[in-house]
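Each residue of the sequence shown is one higher than the one before, starting from -7 at the first, in the numbering used here.
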Amino acid sequence: MKIMLLGAVAVAASVASSASAQTVDPLFTGARIEARVGWDRPTIRAGVSDGVDSINRTAGKDGVVYGGEIGYDYALSNVLVGGYFGYEGSSAKECGELYGQDQLCLRAGRNFTAGARLGVPVSGSFALYAKGGYSNGRAKLDYRDDTLVRADVDEGRNFNGFHVGGGVEGTLSGRVYGRLEYVYTGYGEKSAVSDGLRASIEPRRHQVVYGMGIRF
C-alpha cells in the first residue's frame, strides 16, 4: 500500500501549495485527546496452494469501531505536523457451524495505532490531513462444541501492520474539534507450510470514523 500512502501525501502537498497563504489557526495546534466511533469492516483473504493449484477466498464482516486517541500537533510554517497514539475495539464478529451443533466464531480484537499526520488549513475552521503509521491488531477465535466431541478453543493472535488514511477536521467550539476520516489497515500475509501445502491469510480492514476531542 505504498502507493496509497504516497497518494495521500501528494494530496496533502497539493492542497498545501494551493493554500499557502492560509496561516495555521492556533486552535489546530497543541496536545489533544479524542473519542472515536465509526464503521469497521475487517476482511481476511485466505489461500491454500500445493505448488500447482491454488484456492483463494475473501470474507469480511461489518461492525462498529470505538476507542480513543491522544496526540500533539504543531504548526510548521503553513503546515500542520503531528503524532498520535490510539486504541480501538470492534464489534465485528462472524460465526458459523462446522458440523453438528458446534460453533466457530472469528472476531476482531483490539487494535493499537501509532503514527504521524500532515495537514493544511483550508479555512479558519477546517483543515485537511493525511495520516499513516504502525498498527498492531488482534484476532480471536472461539470454538464451542455442545456435543463435547472436541475440546473448546479460545485463542487470539496479534498481527503487526500499517495504516494510511486521511480526513477533514473542523473546530466546533473553542478548543473542541470534530473530524471525519477514512483509514485502511493492512496486517501483511501470514503463511505456513505442511505436507507440501502452503496456507496463508492476509487480514485487512477499512474504517470510516468520526472523532470528537479537545485540545489543551
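Quick reminder that beta carbons are idealized off the backbone N, C-alpha and C, glycines included.
Between the CA atoms of residue j and residue i - distance to the nearest angstrom
i: G124; j: Y79; result: 15 Å
i: A13; j: N70; result: Residue confidence for A13 is low, a pLDDT of 45 falling below 50, so the modelled location carries little weight; the figure read from the coordinates is stated next. Roughly 8 Å separates the two Cα atoms.
i: G63; j: A23; result: 6 Å
i: L(-2); j: T105; result: Confidence is the limiting factor: at L(-2) the pLDDT is only 44, short of 50, which leaves the residue's position unreliable and the question unanswerable from this model.
i: K182; j: R109; result: 28 Å
i: L205; j: G52; result: The sequence shown places Gly at residue 205, rather than the Leu named in the question. Near 30 Å, if we compare the C-alpha coordinates of G52 and G205.
i: V40; j: E173; result: 35 Å
i: S220; j: A38; result: In the structure as shown, the chain starts at -7 and stops at 208, and residue 220 therefore has no counterpart that could be examined.
i: F20; j: F151; result: 33 Å
i: D54; j: L72; result: 33 Å
i: R207; j: V16; result: 15 Å
i: Y176; j: V156; result: 6 Å
i: G129; j: E194; result: 12 Å
i: Y179; j: K85; result: 18 Å
i: A122; j: R33; result: 20 Å
i: G159; j: V114; result: 12 Å
i: R196; j: G203; result: 21 Å
i: L164; j: P18; result: 14 Å
i: Y126; j: G30; result: 20 Å
i: Y169; j: G116; result: 13 Å
i: R167; j: G74; result: 17 Å
i: V185; j: I47; result: 15 Å
DSSP-derived helix/strand/coil call for residue i
i: F104; result: strand
i: F208; result: coil
i: A191; result: strand
Nearest candidate by alpha-carbon position, reference residue i, set the options
i: D45; options: L189, F208, I193, N128; result: L189
i: V200; options: C97, K85, Y58, G107; result: Y58
i: H198; options: D42, F154, N150, A67; result: F154
i: R49; options: E61, I36, G60; result: I36
i: G81; options: V73, L72, D65, R99; result: R99
i: G148; options: G162, D42, F208, R102; result: R102
i: I25; options: N128, G111, Y76; result: Y76
i: S83; options: D65, Y66, G74, V56; result: V56
i: R171; options: P18, T15, R28; result: R28
i: G107; options: T163, G166, P195, D65; result: D65
i: K132; options: C87, S115, Y202, Y126; result: C87
i: A67; options: W31, V112, G43; result: V112
Integer Cβ distance of residue i from residue j, believed to fall under 8 Å
i: E161; j: A119; result: 5 Å
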